[in-house]
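To start, the structure under review is shown below, and the notes come after it.
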Amino acid sequence: EPEVTQTPSHQVTQMGQEVILRCVPISNHLYFYWYRQILGQKVEFLVSFYNNEISEKSEIFDDQFSVERPDGSNFTLKIRSTKLEDSAMYFCASSEDRNTEAFFGQGTRLTVV
Amino acid sequence: SQQGEEDPQALSIQEGENATMNCSYKTSINNLQWYRQNSGRGLVHLILIRSNEREKHSGRLRVTLDTSKKSSSLLITASRAADTASYFCATSSYYNQGGKLIFGQGTELSVKP
């Protein structure tokens, strides 16, 4: 069964460093997303991406965040200068269309120290 | 703002019993999706119900949607210990263009053997 894969599963980084989280969405899906979940809190939308551009982004998704689809299969989230409060589980998701099921990856646990 | 909120926050039942979780939201939706999350793991898609549907079944899962009350319920019949997880509803706004989902706080279900 097709699935969304994310790497790495866990990343530890020092405050101020740049991190890139990687995702391979399901191959025939056209919409891609990043969400995050701070420990003990609910899942929060960050950004959606369609046709090689951002469709929608939340207030959380400020200038330190960027997304890219560098080739036909990968979808990345870059955090330019990490802060302690960026520590969270980051989920990538994809869907065929904006109103169909969204399938999530297993997540990358980011720890900023 | 549109928001899915579940109740109860926590539910503890015996194996074999039914579990019912409720979700309320505030604005017009296109669809509502239910997810399961095992502790510290990824989000598993369970079921999607569209705004023009009232009930949907998938195996032991039954989801209802009442758009007049802006609420949905997830029923798990004949629960098993393996159903122990957090369950989230997520709504897709009628107005959103990018496929964004708004998640609720979740219901923590514990099924005791």
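Chains X and D are the protein sequences, given in the same order. Each residue of the first sequence is one higher than the one before, counting from 5 in my numbering. Each residue of the second sequence is one higher than the one before, counting from -17 in my numbering. Just so it is clear, CB atoms sit at the ideal spot from N, CA and C, and this is done for glycine as well. Please read all numbers here as calculations on a predicted model, not as lab measurements.
- Out of D:Ala64, D:Lys38, D:Ser53, the CA that lies nearest to the CA of Thr9 (chain D) is found in D:Ser53.
- For Gln87 (chain D), the residues of chain X that pass the 7 Å Cβ criterion are Lys46, in the order they occur in the chain.
- For Ile24 (chain X) and Val16 (chain X), the gap between their C-alpha atoms comes out near 12 Å.
- Among the residues of chain D, those whose CB is under 7 Å from the CB of Glu105 (chain X) are Gln15, His27, Leu30, following chain order.
- Rounded to whole angstroms, the gap between the alpha carbons of Pro6 (chain X) and Asn103 (chain X) is 19 Å.
- Taking a 10 Å sphere around the C-beta of Pro12 (chain X), we find fewer than 16 other C-beta atoms and assign the residue as exposed.
- A Cβ-Cβ distance of about 14 Å is found for the pair Phe108 (chain X) and Lys82 (chain D), leaving them out of contact under the 8 Å criterion.
- Within the region 59 to 80 of chain X, the residues whose Cβ lies closer than 7 Å to any Cβ of chain D are, in chain order, Ser59, Glu60.
- Contact annotation: the region 23 to 42 of chain X touches the region 88 to 100 of chain X, with at least three C-beta pairs closer than 8 Å.
- Interface with chain X (8 Å Cβ-Cβ cutoff): Gln79 (chain D) is included.
- Rounded to whole angstroms, the Cβ separation of Ala72 (chain D) and Tyr17 (chain D) is 6 Å, and the two are in contact under 8 Å.
- Among the residues facing chain D, Ser99 (chain X) is included, as its CB has a counterpart in that chain under 8 Å away.
- Around the CB of Leu30 (chain D), 16 or more other CB atoms lie within 10 Å, so the residue is classed as buried.
- Taking a beta-carbon distance threshold of 8 Å, Leu83 (chain D) counts as an interface residue toward chain X.
- Sequence-distant partners of Lys38 (chain D) (beyond 5 residues in either direction) whose C-beta falls short of 7 Å from its own C-beta, in its chain, are Ile29, Ile31, Val45.
- Among the residues facing chain D, Arg84 (chain X) is not included, as its CB has no counterpart in that chain under 8 Å away.
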